[in-house]
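S.K.:
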Amino acid sequence: MTASTTMTASTAMPSILVLNGPNLNLLGTREPATYGSATLADVEAMCQAVAGKLGHTIDFRQSNHEGVLIDAIHEAGRGFQSGTVTGVVFNAGAYTHSSIALHDAVRAVDVPVVEVHISNVHARESFRHHSWLSPVAAGIIVGFGVDGYVMAIEALARKAAAKS
Ligand code: DQA
């Protein structure tokens with residue numbers, strides 16, 4: 013890293029990665045009784061608004077592909093090391109319940125990850141009760157609808173402020 017990039021990393025606003033997994037691109041039309049009527053674009057706008065107030069920027073992403081999510085976690089790990097990334101808000105969708113690879117990815121890097129679920133997964137089918145992410149997450153927010161994303165961003169910003 014050059015002297016000038018070091019300066020940029022330490023003076024630029026820290027970023028929070030908000031990472032969304034499979035089928036979350038369909039928010040708003042997908043099972044609205046369970047997930048509500050807000051679209052993913054609405055969620056992104058909410059995240060940007062709260063992050064701005066907390067002196068953070070948001071890197072908002074969604075993918076239906078496990079490997080893309082893994083790569084994003086690795087990238088966030090590198091960002092945390094260099095001081096540009098504060099943490100990750102991660103709604104891994106159904107991969108939460110199935111992906112040991114995502115568990116390993118979060119475990120392999122040093123960046124706080126807050127696991128978020130819009131619905132209360134524990135009040136639903138039993139196959140949603142197990143999470144491969146919970147044991148490696150810094151915290152978990154479930155069942156508060158899309159407000160959970162806002163809560164997770166607030167928690168990560170507070171954690172970063174306590175550290176500095
Ligand atoms: C979800 C819950 C998961 O069980 C489900 O597969 C999703 C969304 C939630 O946000 O409530 O895709 O992560």
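Using my numbering, read the sequence shown as starting at 13 and increasing by one per residue. Glycine is no exception: its CB is placed at the ideal position from the N, C-alpha and C atoms. Remember, predicted model here, so these are calculated numbers, not experimental data.
Between E127 and I165, is the Cβ-Cβ spacing less than 7 Å?
M.R.: Here residue 127 corresponds to residue number 115 of the sequence shown, with the count starting at 1. Here residue 165 corresponds to residue number 153 of the sequence shown, with the count starting at 1. Not a contact, by the Cβ cut-off of 7 Å.
S.K.: Would you mind giving the Cβ-Cβ distance between V125 and F92, rounded to the nearest angstrom? I have them listed as a contact below 8 Å.
M.R.: To locate residue 125, count along the sequence shown from 1; it is residue 113. To locate residue 92, count along the sequence shown from 1; it is residue 80. Not really, about 10 Å apart at Cβ, beyond 8 Å.
S.K.: Does the Cβ of V125 lie closer than 6 Å to at least one heavy atom of the ligand DQA?
M.R.: Counting from one through the sequence shown, the residue named residue 125 turns up at place 113. It does not: the Cβ of V125 is nowhere closer than 6 Å to a heavy atom of the ligand DQA.
S.K.: Do G64 and the ligand DQA come close, with the Cβ less than 6 Å from some heavy atom?
M.R.: For the purposes of this step, residue 64 is taken as residue 52 along the sequence shown, with counting starting at 1. G64 Cβ: outside cutoff for every heavy atom of the ligand DQA.
S.K.: In terms of residue numbering, what span does the beta strand (DSSP E) encompassing L114 cover?
M.R.: Taking the sequence shown and counting its residues from 1, the one referred to as residue 114 is at position 102. Looking at the DSSP string, L114 is not in any beta strand (DSSP E); the run it does join, the alpha helix (DSSP H), is 112-120.
S.K.: In three-state terms, what does DSSP make of G151?
M.R.: For the purposes of this step, residue 151 is taken as the residue at position 139 of the sequence shown. Correct three-state label for G151: strand.
S.K.: Mind checking who D71 pairs with in its DSSP beta bridge?
M.R.: As a first step, residue 71 is located in the sequence shown; it is residue number 59 there, counting from the start. Answer is L29, bridged to D71.
S.K.: With distances taken Cα to Cα, identify the nearest neighbour of S75 among L29, L168, L36.
M.R.: Position 63 of the sequence shown, counted from the first residue, corresponds to residue 75. Taking only the C-alpha atoms, the option nearest S75 is L36.
S.K.: Run through the segment 59-110 for me and flag every whole beta strand (DSSP E) of 3 or more residues, listed as ranges in chain order.
M.R.: With a minimum length of 3 residues, the continuous beta strand (DSSP E) runs that stay inside the segment 59-110 are 69-74, 97-103.
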